[in-house]
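Chains as they are written, first to last, in my numbering: chain A, 121 to 367; chain B, 121 to 367; chain C, 121 to 367; chain D, 121 to 367; chain E, 121 to 367; chain F, 121 to 367; chain G, 121 to 367; chain H, 121 to 367.
Protein chains: 8
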Amino acid sequence: MSTKNDLLNILYDIKNGKTTPEEAVERLTYKDLGFARVDTSRSFRHRVGEVIYGESKTGEQIAKIAKTLLSNGEDSVLITRMDSDKADYVASQVEIEYDNISRAAIAGRAPQPKGKSDVLVCCAGTSDLYCAQEAMMTLKAFGCRAKLLCDVGVAGIHRLLDHADEISKARVIIAVAGMEGALASVLGGLAGCPVIAVPTSVGYGASFEGVAALLSMLNSCSGNVSVVNIDNGFGAAYIANMINNQE
Amino acid sequence: MSTKNDLLNILYDIKNGKTTPEEAVERLTYKDLGFARVDTSRSFRHRVGEVIYGESKTGEQIAKIAKTLLSNGEDSVLITRMDSDKADYVASQVEIEYDNISRAAIAGRAPQPKGKSDVLVCCAGTSDLYCAQEAMMTLKAFGCRAKLLCDVGVAGIHRLLDHADEISKARVIIAVAGMEGALASVLGGLAGCPVIAVPTSVGYGASFEGVAALLSMLNSCSGNVSVVNIDNGFGAAYIANMINNQE
Amino acid sequence: MSTKNDLLNILYDIKNGKTTPEEAVERLTYKDLGFARVDTSRSFRHRVGEVIYGESKTGEQIAKIAKTLLSNGEDSVLITRMDSDKADYVASQVEIEYDNISRAAIAGRAPQPKGKSDVLVCCAGTSDLYCAQEAMMTLKAFGCRAKLLCDVGVAGIHRLLDHADEISKARVIIAVAGMEGALASVLGGLAGCPVIAVPTSVGYGASFEGVAALLSMLNSCSGNVSVVNIDNGFGAAYIANMINNQE
Amino acid sequence: MSTKNDLLNILYDIKNGKTTPEEAVERLTYKDLGFARVDTSRSFRHRVGEVIYGESKTGEQIAKIAKTLLSNGEDSVLITRMDSDKADYVASQVEIEYDNISRAAIAGRAPQPKGKSDVLVCCAGTSDLYCAQEAMMTLKAFGCRAKLLCDVGVAGIHRLLDHADEISKARVIIAVAGMEGALASVLGGLAGCPVIAVPTSVGYGASFEGVAALLSMLNSCSGNVSVVNIDNGFGAAYIANMINNQE
Amino acid sequence: MSTKNDLLNILYDIKNGKTTPEEAVERLTYKDLGFARVDTSRSFRHRVGEVIYGESKTGEQIAKIAKTLLSNGEDSVLITRMDSDKADYVASQVEIEYDNISRAAIAGRAPQPKGKSDVLVCCAGTSDLYCAQEAMMTLKAFGCRAKLLCDVGVAGIHRLLDHADEISKARVIIAVAGMEGALASVLGGLAGCPVIAVPTSVGYGASFEGVAALLSMLNSCSGNVSVVNIDNGFGAAYIANMINNQE
Amino acid sequence: MSTKNDLLNILYDIKNGKTTPEEAVERLTYKDLGFARVDTSRSFRHRVGEVIYGESKTGEQIAKIAKTLLSNGEDSVLITRMDSDKADYVASQVEIEYDNISRAAIAGRAPQPKGKSDVLVCCAGTSDLYCAQEAMMTLKAFGCRAKLLCDVGVAGIHRLLDHADEISKARVIIAVAGMEGALASVLGGLAGCPVIAVPTSVGYGASFEGVAALLSMLNSCSGNVSVVNIDNGFGAAYIANMINNQE
Amino acid sequence: MSTKNDLLNILYDIKNGKTTPEEAVERLTYKDLGFARVDTSRSFRHRVGEVIYGESKTGEQIAKIAKTLLSNGEDSVLITRMDSDKADYVASQVEIEYDNISRAAIAGRAPQPKGKSDVLVCCAGTSDLYCAQEAMMTLKAFGCRAKLLCDVGVAGIHRLLDHADEISKARVIIAVAGMEGALASVLGGLAGCPVIAVPTSVGYGASFEGVAALLSMLNSCSGNVSVVNIDNGFGAAYIANMINNQE
Amino acid sequence: MSTKNDLLNILYDIKNGKTTPEEAVERLTYKDLGFARVDTSRSFRHRVGEVIYGESKTGEQIAKIAKTLLSNGEDSVLITRMDSDKADYVASQVEIEYDNISRAAIAGRAPQPKGKSDVLVCCAGTSDLYCAQEAMMTLKAFGCRAKLLCDVGVAGIHRLLDHADEISKARVIIAVAGMEGALASVLGGLAGCPVIAVPTSVGYGASFEGVAALLSMLNSCSGNVSVVNIDNGFGAAYIANMINNQE
């Protein structure tokens, strides 16, 4: 739920006695489940509903929050970082689409993809796929068109230059890379749009679980690169969707 | 110079014998000054021309590059991190507008501000102004509408909440903050658009010259925050301009 | 045991021959169990008895120290960081109340809660509960009034502002937050009392297991924030109790 | 200005036409000087007025903010980290008491010291005095009783134990130390009150400008130690004053 | 084996045909086992034989090296960091005394303790015992007198001051502590002999697995403190033995 | 496959209709397997074929890539960081030689060793063998002569000086060492050829999993030392082979 | 001086009484100047003579060492990191060629450039020139052919791809880059020879004076990249010369 | 002053009325100068008197403390880290011997050198001399025999091996080295006595002002190496003197 129309509907429901002001205030602010205050008004502010970060929650908590959101106006709910055993439990409570590479899921009905063009998700290596897939699932949950280019790291730059045309035409690009993270800078130079860089924790030794890629991306000599946290495919897609949907 | 029209004009000039292909290829790729290869084609790819990073260049080098760009089709050239003594020299060679808080300058004629709405530049404290001003000068050089909110840090959050309306309506926000950098997260929660966070090197002790703010921003619990390098007001504005101009 | 009266009683016991000076000196200094020197005099100096850090001790050691303290004048003993399997063993030796979210326990009878007002324990997210609960259990063990506000992180600041009144009236506040830890600064600005900030290890990537939150809190632009170690809910409560009990 | 009475006076002034609501709202929120929004309402929330951090401000800016605060109800204003040349300028605009060891100043009339007992400021070495003095000046500006113990580092622990009695009776202690910062832990063990530890940047090599002392204090084995930023004598005194004044 | 006499015996054996020069050269330099070059001449240079670091070796490799050393003149061989399962295998091949707190073992006959006085091993907390025991086992393997003081951390400094006399009379002291590692500085001040400080990895959060204690000890304000690697009880004892045996 | 001849053969195959241009272009650029773009042209650029990094790939993926490379002109394929269970699966699909110390494997027929002299691989301790073996397997896979010197760390420098002659005659040396990594500098001083240093993650405490050795090697006072990532025996051998094969 | 012939000449000089064994031993080992032991035998081991690191030496010391080397058989001596004021003094004592961008100098006669091909020194930006020039001066001092490509960073990758042919034919490449250091990886992919990467301290904020580039290069996804210390243009050239001269 | 005799003399002076108990208690504990508590009893505990760390003290303070110590029984006083301008002032107040390489001075009469053998101070390079000299001055001030070996770094190991005999016979060695600090490990292997390692801040780039050498030394594979703070030549000598003087 994300439009003024939806808000209007709630207010009319109060007027018409279909809902009480007490119920509506929860719907328009947050709902206190004891262990969590579910932000039911996020979609008014961010145009997309609250997202469930599954890492440190039990399957029971995840299912309960998802149901609360679905029964308070959201058509779909994104769940990230949910291990497969938790996913099994959640699936027994509410319908979900689960992606085991990214460990992300969509509860409810994912909206039809829209947007002026595809968000281009570029992934440096096979090892980084888990993170690129988190971005792809997020974009899907938000109803945003997207395309994935896999294994286009700079060590064999001809694999990337093959897509120079798509890159130069994109409205927003997500660059996913671990190790030295050089992909972000090269993409930044080839593209004429914002590049959101996601360092991954892929690598060993002096990669320090993504720090090398993170620093590399923060120091990009291309001016159009901004950065999110290590492995944060979700955040990159969150922003890319906002940019792609702007009118 | 940034449109297909400009490109077409060059190609017609070749056809009509006004310019040689040899001259045009430099104009369409880069010009080698010996100490630098000036990227004269940046505006075709990024819609804005090459920018001169003044920190590690002499006044002579800066002036020479600026002239090369201005005489190769750019109407204005942004120069960043240029100390006032270098600025004095450059001003003797080419007309510039110099801002001594940010140490940024615009050579040539700055374009008329345009864009669907103002880029909102929020600055946590008086000490962070140098960085917010770099963003403001960059936006000016690129012809992008912008508004500055100064001294709206979270320690006295009523100063920020006074602008909640502007914040919720913005298309893109730049958050400039040092110390603990909490401004980015609070803005992220209040806004429904991308927030580009710029950590500053303001602080002492365990701020580690901006690292505390940088980490804080990278770990923002608000999904719409992406980050650029410490003190990189220029980069944030570069991206904000791209987002604000998208159709 | 924490008053001069208790001390007087011991000294009278010596005078009256109920205890020997040798026994009393152990009671007034420490008791050597071989693997540990149990500080039986802590309550004279700190007003609360010695606390058992369970992490690196066996269930047998924990039980033995707890019994020593209970039989040397303490009414209750706090045990922190004790896994449930150790707790099972300890429970077979001495009566305990165990909280499995914080892994803390109280052996013996917890005192009646007192204090001029509630210590306010503010917890940023559901994931940080383990740490906030350690603070709550500590305050309970020390007989200190306390109230927990859960899931009041700054990404949805309306959830926090709902409690602005309680916050402005508090005598001491504990702020528990991971990720970017911005909660401490926002609370610091809203409150007129000391805020003891506890960074948690909640987060991923560049949170570096709590370092981002720790640095954020150390650099708070609010002057009334002091900080304890990452995940140290116990320490924060230890200090909050001292402040809340001052006359 | 810090009492309900002061607030009542302002409101009566409105009622009696001595001030306009427009003037009063600035007095009760903040005053926008362009380069800064002066928080004129801090004293209602924190019981002490806004403090001026002099490091990154010009003498002109400092003087202007100080005057604004003094003419809006504050009797005295604390200025920290102000170099002597700036102090000379400020002194030409408003009466100040300047301490050149800590580079702190008090503008206006410092209030009479009060409080139930002295805040005990313990300073490890002669080199750490600049920081301990910042705490002393802050306490003076806030009208709080205080006593300084200098050069009581743990390398010659008999110098500290000489004061064991004062330490055990204190209501709140500030521990200022650089190098290995062990003073905080030893004080924590001897005292029965909160110890606010201030790591200083004193040391060389692996002290990393205060990091060694900071980590040492954060890991104190004494439960009653909390920590503020490196060299932040001001913050420690800010909190100590709050604790010492509680009823 | 460690005296000139032993060397003389070998040379006489060559002269008398009891051993060949080829055999002797291995005995006097090293023996190549393929996976290791066993330093059979260490005892001539360091007065104690080679020590086996068990961490990254298999039980088979450990047993083989131990046998090689025992059959080449060593009476006893120290093995450190050997898990109990490896110890079980080694015990099936050669007689060992195993200590499961430190995971250290002595193969062969430990020599009679000697030395002018006891090496004093001071251990801050029960949690640090594993490391203090590694030092005790090392001293035992080298035939050096030693005494362990356990749980004498600075949070309850009266427990340490009880031993002030022993401390001031010692020839060499080993200080084992985790967390903030303040024990080393306090001991340094009380003692008139070298203090070898061993930081342990005990602690959590900002202890960074021993880094806080390590930095603390390196920055000790007591001049007589030197430091070895985190958890390196062996190294401290190695040096303490050398100092205690000097004539 | 690595010569112009091979390229010529492919082009003739097109001319003679044995292969289509479409098939050839894949052979001369890369082959898209969906989860990976296999770089079939690496051997034209680097003279050695693409290598499979096994760490983050499934056994199925590894086998599929290996087969693709073998069926596209490579005689052998190196696989690194492949656990034994994955190796079991791969061995069921394609013939491999597996080394369980380094976890490296060679699929297909390893070429005959050649080169002007042996690459000298010097390994500081038994614990570092896993890394030195990765270098040895890499050199074998590339058909490069090599010799391993094991357990020649600087603590017993006579073990290293025994090989001074070989060292001074080498064309290129690989120095593998953990802990303090001093071996690289000592070798650098003794040798007259490039020394490629590989820090290993062997050590504990302040070795920080190889960082101490890495920094030590980067700061070598010997001018002929360059460094690769921690544990990167493969990379060192990759470069050593290039140097050893130069004409 | 670097050949067996030179050594033979010295030995004949002894035989023929032209030099004493005492003089020759200094010539063949080192010469003790009191403040330094000049390594006069380096050229026998490394084929190039000892180099003078000027940073921490006085002009007097530099001149004295240079003369000692020149009078002991070296034709030329490289001096690095020598400020211009020291250079002025040295130039008054011995003939030098000084480069003020790199602060390097060559004393004596630089040898004729030789080598099978040019060492390719690729420099990312104008700001990195000081470091690339140090490499160029070193190669000149050692008589090695070299070519510099300036301002070929990856933000405008067409500037680099223009030289793809030269890159693919090189025998050894030096990649000099600051900021994110991506140049090394891209070059590694394009080239078929060893790439020696030199991170520079160019950048700001999270570049941490070269650490970002250093980590980036150590984690290069191209197998043929090895790394030297930050700003160590000298070391890279030292190794490149060794590789280029191998037969 | 360091013997029981001295103590006896003081006590007799009280008995005989030559001094009052009040005067004696200061002599036997410390003297409070306001800005410092001078530890006049250090020599009873450590056998050497208090040392003045000059870095953060004024010339006036240094002179005053030196005089206090000299007039309270010390024959000589060591002053470290005193810049030449402070030294000029101090020299005007009390006789000193000043060494401008180490910036150390001895006030009063340095005692006659004694000890069973020379402390061997090994210095890696000319650049490290400032630190080695601090150790030499300290040993001189304490009356300890010492010998300096300069420029014996491992890059030319023949310069070190020339002194193998002295090294193997030493009772205690100080190893001073910057950059990679390998000297400590090599010395540790050659010597049969404790090696006290002093990392220096000499180096650039990834030496991180001595951190590389510090980590290298802490991870030494030689068991007999302990470490003091970066550039702490004083501390190393303090300990070496204690070891060398033991009976």
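Just so you know, even glycine gets a beta-carbon here, dropped at the ideal spot from N, CA and C.
None of the values given here were measured: they were computed from a predicted structure.
Practice task
For H/M121, decide whether its Cβ has a neighbour in chain E, counting only Cβ atoms nearer than 7 Å.
Solution key: Only weak support is given to the placement of H/M121: the predicted model assigns it a pLDDT of 34, under 50, and the question is left unresolved by the model.
Problem - Own chain, CB closer than 6 Å to B/N255, minus 5 neighbours either side, in chain order - result: Residue identity check: residue 255 of chain B is Ala in the sequence provided, not Asn. Excluding sequence neighbours, B/A255 sits near V241, I294, G353, A356 and A357.
Problem - Neighbouring residues, chain F, relative to G/Y358 (Cβ below 7 Å) - result: G343 and N344
Handout entry: One or two residues paired with D/K267 in a DSSP bridge
Key = D/L240
Problem - CB contact below 7 Å: A/Q181 versus chain B - result: no
Exercise for the section: Check whether the Cβ of A/N339 lies closer than 7 Å to any Cβ atom in chain C. Expected result: no
Problem - Inter-residue spacing [alpha-carbon to alpha-carbon] between H/K135 and D/D285 - result: 31 Å
Problem - Given A/F328 as reference, the closest of G/L338, G/T246 and G/I130 once Cα atoms are compared - result: G/L338
Handout entry: D/L249 and D/I221 closer than 7 Å at C-beta
Key = yes
Problem - Nearest candidate by alpha-carbon position, reference H/T320, set H/V347, H/C264 and H/Y150 - result: H/V347
Problem - Reduced DSSP category for H/N136 - H, G, I as helix; E, B as strand; rest coil - result: coil
Practice task
Under 6 Å Cβ to Cβ from A/R223, same chain only, skipping five residues before and after it: list those, please.
Solution key: R201 and M202
Problem - Per DSSP, cross-strand counterpart(s) of E/V318 - result: E/V296
Practice task
Output the distance between the C-alpha atoms of B/S340 and B/I287, rounded to the nearest integer angstrom.
Solution key: 18 Å
Practice task
Tell me whether E/K184 is buried or exposed, calling it buried when 16 or more other Cβ atoms sit within 10 Å of its Cβ.
Solution key: buried
Practice task
Classify E/I130 as helix, strand or coil using the three-state DSSP reduction.
Solution key: helix
Problem - Through-space distance from A/A360 to E/G174, alpha-carbon basis - result: 52 Å
Practice task
Would you kindly work out how many angstroms separate the C-alpha atoms of F/I226 and A/I182, rounded to a whole number?
Solution key: 46 Å
Handout entry: E/G96 in three-state terms, based on DSSP
Key = Absent from the model: residue 96 of chain E. The displayed extent of chain E is 121 to 367, so no value can be given.
Problem - Buried or exposed (CB count within 10 angstroms, at least 16 for buried), C/K177 - result: buried
Exercise for the section: Look at the Cβ atom of H/C243, then the Cβ atom of H/A252, and state whether they are nearer than 7 Å. Expected result: yes
Exercise for the section: Give every residue of the same chain whose Cβ lies closer than 6 Å to the Cβ of D/S161, excluding the five residues on either side of it in the sequence, and list them in chain order. Expected result: L148 and T149
Exercise for the section: Using a Cβ cut-off of 7 Å (strictly closer), state whether A/N365 contacts chain B. Expected result: no
Practice task
Determine the closest residue to G/G245 out of G/P231, G/C270, G/V239 and G/P233, with distance taken between C-alpha atoms.
Solution key: G/C270
Exercise for the section: Take B/N349 and list the residues in its own chain whose beta-carbon comes closer than 7 Å to its own, dropping the five residues that flank it on each side. Expected result: G355
Problem - Rounded separation between H/V158 and D/L268 - CA only - result: 17 Å
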